[in-house]
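Below is one structure, written out as structure tokens, with a few remarks after it.
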Amino acid sequence: MFKTTIEENFPQLKDTGGFELLRISGSTRTRNLGLIPCPDNGYTVGYIRSPICGIGQATIYIRPLQKSIPVDDSILERIVWPAKELDDDDDEECSLEDQCRVAGFLRSFIENASCEQRKALLKFWTGWEVLPGEMSVEVVNSQSFPKSSTCFEVLRIPARYQNYESFFVDMQACLASINTGFGLV
476 MFKTTIEENF PQLKDTGGFE LLRISGSTRT RNLGLIPCPD NGYTVGYIRS PICGIGQATI
536 YIRPLQKSIP VDDSILERIV WPAKELDDDD DEECSLEDQC RVAGFLRSFI ENASCEQRKA
596 LLKFWTGWEV LPGEMSVEVV NSQSFPKSST CFEVLRIPAR YQNYESFFVD MQACLASINT
656 GFGLV
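Residue numbers for the sequence shown follow this note's numbering, beginning at 476 and rising by one.
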């Protein structure tokens with residue numbers, strides 16, 4: 476009943492994966508939010524009012540919890556793949572052959588990746604594990620590792636890859652770096 480009442484008053488909480496309750500703890504000079512422990516049978520009005528909980532007349536804060544979001548093949552539909560402009564005569568751009576080969580490696584990587592690998596790829600590419608509306612791929616002349624511009628949701632992949640195995644190894648190295656600083660390898 477308590478959960479139903481909360482979800483009726485805050486309908487956005489229905490699809491978030493749950494919530495937890497917090498209260499202010501500490502003195503008047505150091506106000507911190509502390510977690511109200513959830514009993515095995517969940518929060519109830521009786522539990523919240525009980526002296527065990529220690530709320531009294533204090534304000535209760537609700538913090539939504541994000542559930543694990545599965546990342547499926549729909550990631551492929553959100554990618555703006557590289558395309559050679561007909562009027563482009565820029566010598567610094569990669570050939571159409573290089574763009575197609577490297578984009579194919581990325582497509583294969585995504586299609587064969589586990590859910591966790593796809594989440595890591597999203598975090599490397601965009602800074603988040605949440606699928607944005609659109610993400611771009613650029614194939615560039617470079618000898619470095621793949622790089623991302625998370626602000627612009629652009630993944631820059633070097634054209635140097637001649638086989639999937641070397642591409643895969645470098646992508647794994649990049650994805651292993653997501654917790655150490657903006658995808659820097």
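We put the beta carbon where it would ideally sit given N, CA and C, even for glycine. Note that this is a predicted model, so its numbers are computed, not measured.
Exercise for the section: Use the C-beta contact count for Phe657: other C-beta atoms within 10 angstroms, 16 or more gives buried, fewer gives exposed. Expected result: For Phe657, the predicted structure reports a pLDDT of 48, less than 50, and the residue's modelled location is therefore unreliable. A value from the coordinates is still provided. Looking at its Cβ environment, which holds fewer than 16 other Cβ atoms inside 10 Å, Phe657 is exposed.
Practice task
Would you kindly work out how many angstroms separate the C-alpha atoms of Ser611 and Pro557, rounded to a whole number?
Solution key: Roughly 8 Å separates the two Cα atoms.
Exercise for the section: Rank Ile550, Val555, Ser617 by C-alpha distance to the C-alpha of Phe584 and give the top, closest one. Expected result: By alpha-carbon distance to Phe584, the top candidate from Ile550, Val555, Ser617 is Ile550.
Practice task
Look at Glu604 and Leu540 and say whether their C-beta atoms are less than 8 Å apart.
Solution key: no
Problem - Beta-carbon proximity list for Cys513, same chain, < 7 Å, skipping 5 on both sides - result: Glu495
Practice task
List the whole-angstrom C-beta distance separating Cys569 from Val615, where the pair is believed to meet the contact cut-off of C-beta under 8 Å.
Solution key: 7 Å
Exercise for the section: Leaving aside the five residues before and after Tyr636 along the sequence, list all residues of the same chain whose C-beta is less than 8 Å from its C-beta, in chain order. Expected result: Arg576, Val577, Phe580, Phe642, Asp645
Practice task
Would you tell me roughly how many angstroms separate the C-alpha atoms of Leu597 and Gln532, rounded to the nearest one?
Solution key: 44 Å
Practice task
Decide if Leu571 is buried, meaning its Cβ has at least 16 other Cβ atoms within 10 Å, or exposed.
Solution key: A residue is called buried once 16 or more other Cβ atoms fall within 10 Å of its Cβ, and Leu571, having fewer, is exposed.
Handout entry: Paired residues, beta bridge with Ser611 - DSSP
Key = Answer is Val555, Val629, bridged to Ser611.
Problem - Extent of the continuous beta strand (DSSP E) to which Lys622 belongs - result: Lys622 -> beta strand (DSSP E) spans 622-624.
Problem - C-beta atoms of Tyr522 and Cys528 nearer than 8 Å - result: yes
Exercise for the section: For Ile554, I'd like the list of residues in its chain whose CB is within less than 7 Å of its CB, leaving aside the five on either flank, ordered along the chain. Expected result: Met610, Val612
Exercise for the section: Take Ser617 and list the residues in its own chain whose beta-carbon comes closer than 6 Å to its own, dropping the five residues that flank it on each side. Expected result: Pro633
Exercise for the section: Could you tell me which uninterrupted alpha helix (DSSP H) segments, each at least 4 residues in length, are contained entirely in the region 480-541, listed from first to last along the chain? Expected result: 520-524
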